[in-house]
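Chemist: One structure, pasted below without further comment.
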Ligand code: HEC
Ligand code: HEC
C-alpha cells in the first residue's frame, strides 16, 4: 500500500467510526500525520462519528443529463423529419410494419413504453451519444445499430435489420432526434430501469399468486395476452410463442423485476414491493417461451449475471 492509499483508507476508516484502524499496529507516520490533520486532537477515537459517508473517495463522479423529451413540433420539415416520423412508427407498429423481422407479437414499445419516452422504461432518449458502448453480454463495444438488432433478435425473437436499410436509418434518426441536447458521452437520468434489491431471493410460487392478483386481468390467466380483432394485441403476452425469447434481457429475473416494479400494473407503476416484483418476474420469465439459439455465447468473456439464462 502506498502512503497515499494509507491516507485514503485512514480517512475512510475515521469517517466510518472505524476507530480501531487508526490505532492498528503498523500505522505509519504518514497515516498518523494525515489522520491528525483531519481529526481535532481533542476528539477521542472512541467518539461515534456521525458524518454520513455519502461521498466515497474512490468513486469517480458520473454526470447524468436531464431527461427531456422534445415536443413533436420540433420535428424538422423535409427528409430528416420524414425519417424521424417513420422511425417512430416502426417502433410503435413493429410487428405490422416489419413482419419479416419480428417473430413474436410484440412492438418495440411494448417494453420501451410511450415510444421510448418513459424514464425508467428503458427510454430511447439520450442514447445517440452513449454508443458505441462496452457491453458484458457480447464482451465488446457495440454500436447503437447493433444494440437495436439485439432487441430484434431477442426481445422480438426475430431477424436483424440490414445496417444500411431505410428501416434502420429511420429508427436511428428517431433516436437521434430524441437525444438532441444530451451531451455526447452522457446518459440521461432515468436510463434503463429503476433500482431493485438483487439480494432478495425469488419465490416463483408467491409470484404466481402476484400474477393472478395483479397481472392476469390484462395479460390473461394463461399469460398469453389479449388479442384484438385485427390480429395484434391489446395486452401483450408474457410468455408463449408470441413472447420474447429466453435470450432477451426481459427473460432475466432481476431485469424483468425492475421493469415491472416501476411500470406495471400499467398505470400503477411503483405499487409493488421489490419482493413482489422479483417473485412475479421469476414466475413469468420462466414460463415456456421461444429459445434463443445464440445464447450459449453470452458473457463468454466474463461478467455473467446471476440471473443469466445460459
Ligand atoms: C420484451 C421487451 C422488449 C422489447 C419488445 C424491446 N426491447 Fe429493447 N430493451 C429491452 C430491455 C430489457 C433492454 C435493456 C435495458 C437495460 O439495459 O437496462 C433493452 C434495451 C434496448 C436498447 C438500449 C437501451 C440502453 O439504455 O442502452 C435499445 C436501443 C433498444 N432496446 C431498442 C429496441 C428496439 C428498436 C426494439 C424493437 C425492435 C426493442 N428494443 C424491443 C426490452 C425490450
Ligand atoms: C391494466 C392492464 C395491465 C396490467 C394489470 C398489467 N399490465 Fe403489463 N402491460 C400492459 C400493456 C398495455 C403493456 C404494453 C404497453 C404498450 O404497448 O404500450 C404491458 C406490457 C408488459 C410487459 C412488456 C411486454 C411483454 O408482453 O412482455 C411486461 C413484462 C408486463 N407488462 C408485465 C406485467 C406484470 C408482471 C403485471 C402484474 C404485476 C402487469 N404487466 C400488469 C397492461 C397491463
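Numbering (our numbering), first residue to last: 14 to 323.
Ideal Cβ placement from N, Cα and C applies to all residues, glycine included.
Using CA coordinates, which residue listed in 257, 80, 221 is at the minimum distance from residue 130?
Modeler: Working through the chain shown from its first residue, we reach residue 130 at position 117. Comparing Cα-Cα distances from residue 130 to each of 257, 80, 221, the minimum goes to 80.
Chemist: Mind reading off the beta-carbon distance from residue 298 to residue 321? Whole number of angstroms is fine, and I expect it under 8 Å.
Modeler: Here residue 298 refers to the residue found at position 285 of the chain shown. Here residue 321 refers to the residue found at position 308 of the chain shown. Their Cβ separation, rounded to whole angstroms, is 12 Å, which puts residue 298 and residue 321 out of contact at 8 Å.
Chemist: The beta strand (DSSP E) with residue 247 in it runs from where to where?
Modeler: Indexing the chain shown from 1 puts residue 247 at position 234. That run of the beta strand (DSSP E) goes 246–248.
Chemist: Output needed for residue 296: all residues of its chain with C-beta closer than 6 Å, excluding positions within five of it in sequence on either side, in chain order.
Modeler: Residue numbering aside, residue 296 sits at position 283 when the chain shown is read from its first letter. Closer than 6 Å at the Cβ level, and outside the excluded window around residue 296, lie 217, 220, 221, 224.
Chemist: Please classify residue 310 as buried or exposed, where buried requires at least 16 neighbouring CB atoms within 10 angstroms.
Modeler: Here residue 310 corresponds to residue number 297 of the chain shown, with the count starting at 1. With fewer than 16 Cβ atoms within 10 Å of its Cβ, residue 310 is classed as exposed.
Chemist: Is any heavy atom in ligand 2 found nearer than 6 Å to the beta carbon of residue 248?
Modeler: Here residue 248 refers to the residue found at position 235 when the chain shown is read from its first residue. At least one heavy atom of ligand 2 is nearer than 6 Å to the Cβ of residue 248, so yes.
Chemist: Within the same chain, show all residues whose beta-carbon is closer than 8 Å to that of residue 259, passing over the 5 residues directly before and after it, in chain order.
Modeler: As a first step, residue 259 is located in the chain shown; it is residue number 246 there, counting from the start. So the list reads 302, 303, 304, 305, 308, 322, once near-sequence residues are dropped.
Chemist: For residue 305, which of helix, strand or coil comes out of DSSP?
Modeler: Numbered from 1 along the chain shown, position 292 holds the residue referred to as residue 305. Three-state result, residue 305: coil.
Chemist: Rounded to a whole number of angstroms, what is the C-alpha to C-alpha distance between residue 106 and residue 245?
Modeler: On the chain shown, position 93 is the one that residue 106 refers to. On the chain shown, position 232 is the one that residue 245 refers to. Going by the C-alpha atoms only, they are around 10 Å apart.
Chemist: Starting from the C-beta of residue 111, find all residues in its chain whose C-beta is less than 7 Å away, skip the five residues before and the five after it, and write them out in chain order.
Modeler: For the purposes of this step, residue 111 is taken as residue 98 along the chain shown, with counting starting at 1. For residue 111, where only same-chain residues beyond five positions count, the Cβ hits under 7 Å are 103, 180.
Chemist: In the DSSP assignment, find the alpha helix (DSSP H) that holds residue 110 and state where it starts and stops.
Modeler: Numbered from its first residue, the chain shown carries residue 110 at position 97. From DSSP, the alpha helix (DSSP H) with residue 110 extends over 107–110.
Chemist: With the cut-off set at 7 Å, would you say residue 100 and residue 186 are in Cβ contact?
Modeler: Position 87 of the chain shown, counted from the start, is the residue given in the question as residue 100. Position 173 of the chain shown, counted from the start, is the residue given in the question as residue 186. Cβ distance < 7 Å, so residue 100 and residue 186 count as in contact.
Chemist: Closer than 6 Å: is that where the CB of residue 279 sits relative to any heavy atom of ligand 2?
Modeler: Here residue 279 corresponds to residue number 266 of the chain shown, with the count starting at 1. Checking every heavy atom of ligand 2 against the Cβ of residue 279, one is found closer than 6 Å.
Chemist: Taking the runs of the beta strand (DSSP E) that are 3 residues or longer, which of them lie wholly in the segment 245–284?
Modeler: Runs found: 246–248.
Chemist: Can the beta-carbon of residue 215 be found closer than 7 Å to that of residue 284?
Modeler: Within the chain shown, residue 215 is the residue found at index 202, counting from 1. Within the chain shown, residue 284 is the residue found at index 271, counting from 1. Cβ atoms of residue 215 and residue 284: not closer than 7 Å.
Chemist: Mark residue 64 as exposed unless 16 or more other C-beta atoms lie within 10 angstroms of its C-beta, in which case mark it buried.
Modeler: Taking the first residue of the chain shown as 1, we reach residue 64 at position 51. Caution is warranted here: a pLDDT of 48 is assigned to residue 64, below 50, making its placement in the model unreliable, and the coordinate value is therefore given only provisionally. Its Cβ having fewer than 16 others within 10 Å, residue 64 is exposed.
Chemist: My guess is that residue 242 and residue 119 are in contact by the Cβ rule of under 8 Å, so how many angstroms apart are they, rounded?
Modeler: As a working note, residue 242 is residue 229 in the chain shown. As a working note, residue 119 is residue 106 in the chain shown. In fact, because the Cβ distance is near 18 Å, the residues do not count as touching under 8 Å.
Chemist: Report the rounded CA-to-CA distance for residue 330 versus residue 209, giving the unit in angstroms.
Modeler: In the structure displayed, the chain extends from 14 to 323; residue 330 sits before or after that span and is not available.
Chemist: What is the rounded straight-line gap between the Cα of residue 86 and the Cα of residue 192?
Modeler: Here residue 86 refers to the residue found at position 73 when the chain shown is read from its first residue. Here residue 192 refers to the residue found at position 179 when the chain shown is read from its first residue. Going from the Cα of residue 86 to the Cα of residue 192 covers about 15 Å.
Chemist: Could you tell me whether any non-hydrogen atom of ligand 1 is closer than 6 Å to the CB of residue 164?
Modeler: Here residue 164 is taken as the residue at index 151 of the chain shown, counted from 1. Yes, ligand 1 has a heavy atom inside 6 Å of this Cβ.
Chemist: Is any non-hydrogen atom of ligand 2 found closer than 6 Å to the C-beta of residue 237, if you look at the structure I gave you?
Modeler: Counting from 1 along the chain shown, the entry for residue 237 is found at position 224. Not so, every heavy atom of ligand 2 lies at least 6 Å from the Cβ.
Chemist: Can you tell me whether residue 125 is buried or exposed? The criterion is at least 16 other CB atoms within 10 Å of its CB, across all chains shown.
Modeler: Taking the chain shown and counting its residues from 1, the one referred to as residue 125 is at position 112. Looking at its Cβ environment, which holds 16 or more other Cβ atoms inside 10 Å, residue 125 is buried.
Chemist: Go through its chain and collect everything with a Cβ distance to residue 162's Cβ below 7 Å, but skip five positions before and after it.
Modeler: Along the chain shown, one-based indexing puts residue 162 at 149. Closer than 7 Å at Cβ, skipping near neighbours: 173, 174.
Chemist: Consult DSSP for residue 239 and reduce its assignment to one of helix, strand or coil.
Modeler: Along the chain shown, read from residue 1 onward, the residue named residue 239 stands at position 226. Residue state, collapsed to three classes: strand.
Chemist: At a cut of 8 Å, does the segment 153–161 reach the segment 137–145 through at least three beta carbon pairs?
Modeler: Flag = yes, the segment 153–161 and the segment 137–145 touch.
Chemist: For my contact list, residue 206 and residue 272 are in at a C-beta cut-off of 8 Å; report their separation, rounded to the angstrom.
Modeler: For this step, residue 206 is matched to residue 193 along the chain shown. For this step, residue 272 is matched to residue 259 along the chain shown. Correct: roughly 5 Å between the Cβ atoms.
Chemist: Please name the residue in 195, 88, 318 whose C-alpha comes closest to that of residue 211.
Modeler: Counting from one through the chain shown, the residue named residue 211 turns up at place 198. Comparing Cα-Cα distances from residue 211 to each of 195, 88, 318, the minimum goes to 318.
Chemist: Using C-beta distances below 7 Å, list every residue in its chain close to residue 108, excluding the 5 sequence neighbours before and after it, in chain order.
Modeler: Here residue 108 refers to the residue found at position 95 when the chain shown is read from its first residue. Hits under 7 Å: 115, 118, 119, 120, 245.
Chemist: Which residue's Cα is closest to the Cα of residue 257: 316, 314, 171, 134?
Modeler: What you label residue 257 is simply residue 244 of the chain shown in a count that begins at 1. For residue 257, the nearest C-alpha among the options comes from 171.
Chemist: In terms of DSSP beta bridges, what is residue 201 paired with?
Modeler: As a first step, residue 201 must be located in the chain shown, where it is residue number 188. For residue 201, which the question treats as bridged, DSSP gives the partners 78.
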